[in-house]
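Peer 1:
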Ligand code: ASP
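Residue numbers (my numbering): 40 to 468.
#1: Consider the C-beta atom of residue 446 and the heavy atoms of the ligand ASP; say whether any pair is separated by less than 7 Å.
#2: Helix, strand or coil, according to DSSP, for residue 424 in the structure here?
#3: What number of angstroms, rounded off, separates the C-alpha of residue 161 from the C-alpha of residue 332?
#4: Using beta-carbon positions only, say whether residue 138 and residue 367 come within less than 8 Å of one another.
#5: What are the boundary residues of the alpha helix (DSSP H) that residue 66 is part of?
#6: Nearest-angstrom Cα distance between residue 412 and residue 227?
#7: Got a sec, what are the start and stop residues for the alpha helix (DSSP H) residue 124 sits in?
#8: Between residue 450 and the ligand ASP, is the CB less than 7 Å from at least one heavy atom?
#9: Does the distance between the C-beta of residue 271 and the nearest non-hydrogen atom of the ligand ASP fall short of 7 Å?
#10: Should the segment 269-281 be called in touch with the segment 146-161, which here means at least 3 C-beta pairs below 8 Å?
#11: With a cut-off of 8 Å, do at least 3 Cβ pairs link the segment 374-383 to the segment 293-312?
#12: Quick check: does the Cβ of residue 375 come within less than 7 Å of any heavy atom belonging to the ligand ASP?
#13: May I ask which residues mark the beginning and end of the alpha helix (DSSP H) holding residue 327?
#14: For the candidate residues 296, 421 and 384, whose alpha-carbon lies nearest to that of residue 455?
#15: For residue 432, count neighbouring C-beta atoms within 10 Å of its own C-beta (all shown protein chains included) and say buried if the count is 16 or more, exposed if not.
#16: Under the three-state reduction of DSSP, which class applies to residue 177: helix, strand or coil?
#17: Across the segment 220-234 and the segment 109-117, are there enough close Cβ pairs to call them in contact, namely three or more that are closer than 8 Å?
#18: Only counting the same chain, and skipping five residues up and downstream in sequence, which positions put a Cβ closer than 8 Å to that of residue 425?
#19: Please return the same chain residues whose Cβ sits closer than 7 Å to the Cβ of residue 341, not counting the five positions on each side in sequence.
#20: Can you list, in chain order, the stretches of the alpha helix (DSSP H) that have 4 or more residues and sit fully within the segment 349-431?
#21: Report the CB separation of residue 440 from residue 264 in whole angstroms; it is logged as a contact under 8 Å.
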């Protein structure tokens, strides 16, 4: 058996056993008793991966840019990548908004609606950390924040805070300067190349922790939420998100890949399995990044030049799954509160959900928090009397983790498809 096949089998086994342990041993018990599973998952998988992310972002972008060298080619790659990110996110969010309008999962019997709203608002008011995060989110604030992150003043501060955008910008500039330096900077170019190779070896070792880490994380999620939640009053909402993600992940992105790269998309998906499963288990595009880069280059036949640029940037910016989910979630909540949205308001949802997904970091629950931007935008377009309370987010809080696992998988899949397409623009010489 090939090592990657073995790894995939082990990860899947870890998930299945984790789900069984979660459902039958942990679910329904004391919530505190599930905390150790979360701590074990963090220690075994999330923390080692996160430890690798910042050095990897820095070295992979510098190594990638110096290898491409030519600023003209880089400009083309950068432009095409951004167009790809935004176009696919817009498609995803449109699918979400269309499905949720057609399926109308929020129109439940009045008494059920009432009960779901009350439980949700109660959950929100009990969660002070969520309230604090939500309060700081505004559209203007989020965009200034992104711009500030793009032009930081202290690289080390960005590194220690784990903010990748500024590091990427610096690494692009530094890589270009190294490439422009000709003979004088050759040693440094070789140095970055070598460090990148060494980091990838380290990633290959850490990747073998994935099955155990995923086991604990899935056990924790299922233990807290329980599989039966899927059939409760929120089942329709969850089903709509799942359906949208399936359409986008299994039809739209494969089609885009086939059209622009003439690659068999399902074969490529099979090769990217370790990364997709890690995304599902960890709930974080950022933490998955080391695995995504490793799998894309070693298994997915993506060029190092394209992967080193498209994947680090994509893990924070390109979030098809999150964009789709935000549209479904927001429209669902409005439906649940009996507020009908007009077509123009749906367009507003499409635009703001795309921007809110760009603003979401590649960490668990980020999409849940940036969703308030979309709610605020739609509220602004409604009359004074009818407004969706922010506390409505509490309604979907309990089931968010499962949806987060699925949307993160689609986020990473979108990045991988981008890297494969951009391999045509930036092949390895
Ligand atoms: N967890 C997602 C990610 O890391 C972001 C989100 O939608 O919450 O890609």
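C-beta: ideal position from N, C-alpha, C; glycine also.
Everything numeric in this text was worked out from a predicted model, so none of it was measured.
Peer 2: Quick look at the numbers:
#1: Numbered from 1 along the chain shown, position 407 holds the residue referred to as residue 446. At least one heavy atom of the ligand ASP is nearer than 7 Å to the Cβ of residue 446, so yes.
#2: Within the chain shown, numbered from 1, the residue matching residue 424 stands at position 385. Correct three-state label for residue 424: coil.
#3: Translated into the one-based positions of the chain shown, residue 161 becomes position 122. Translated into the one-based positions of the chain shown, residue 332 becomes position 293. Looking at the two C-alpha atoms, the distance is approximately 41 Å.
#4: Sequence index remark: in the chain shown, residue 138 carries index 99 (1-based). Sequence index remark: in the chain shown, residue 367 carries index 328 (1-based). Yes, the pair counts as a contact, with Cβ atoms nearer than the cut-off.
#5: Sequence index remark: in the chain shown, residue 66 carries index 27 (1-based). First-last for residue 66: undefined, no H or E at that position.
#6: For the purposes of this step, residue 412 is taken as residue 373 along the chain shown, with counting starting at 1. For the purposes of this step, residue 227 is taken as residue 188 along the chain shown, with counting starting at 1. When rounded, the distance between both Cα atoms is 43 Å.
#7: In the chain shown, the residue the question calls residue 124 occupies position 85. Element bounds for residue 124: 110-142.
#8: Position 411 of the chain shown, counted from the start, is the residue given in the question as residue 450. It does: the Cβ of residue 450 is within 7 Å (strictly closer) of some heavy atom of the ligand ASP.
#9: Counted from its first residue, the chain shown places residue 271 at position 232. Every heavy atom of the ligand ASP is 7 Å or more from the Cβ of residue 271, so no.
#10: Yes: the two stretches touch, three or more of their Cβ pairs being nearer than 8 Å.
#11: Per the Cβ contact rule, the segment 374-383 is not in contact with the segment 293-312 (fewer than 3 Cβ pairs under 8 Å).
#12: Here residue 375 refers to the residue found at position 336 of the chain shown. Answer for residue 375: no, Cβ out of range of the ligand ASP.
#13: As a first step, residue 327 is located in the chain shown; it is residue number 288 there, counting from the start. Unbroken alpha helix (DSSP H) run through residue 327: 324-337.
#14: Position 416 of the chain shown holds residue 455. Considering only alpha carbons, the answer is 296.
#15: Reading the chain shown from its first residue, position 393 is the one you call residue 432. Counting the other Cβ atoms within 10 Å of the Cβ of residue 432 gives 16 or more, which makes it buried.
#16: For the purposes of this step, residue 177 is taken as the residue at position 138 of the chain shown. Coil at residue 177, not helix or strand.
#17: no
#18: What you label residue 425 is simply residue 386 of the chain shown in a count that begins at 1. Residues of the same chain with a CB within less than 8 Å of the CB of residue 425, apart from the 5 flanking positions on each side, are 378 in chain order.
#19: Here the question's residue 341 lines up with position 302 in the chain shown. If we look at residue 341 and ignore the five residues flanking it on each side, its Cβ neighbours are 335, 458, 459 and 462.
#20: 359-375, 382-398 and 405-420
#21: Here residue 440 corresponds to residue number 401 of the chain shown, with the count starting at 1. Here residue 264 corresponds to residue number 225 of the chain shown, with the count starting at 1. Correct: roughly 6 Å between the Cβ atoms.
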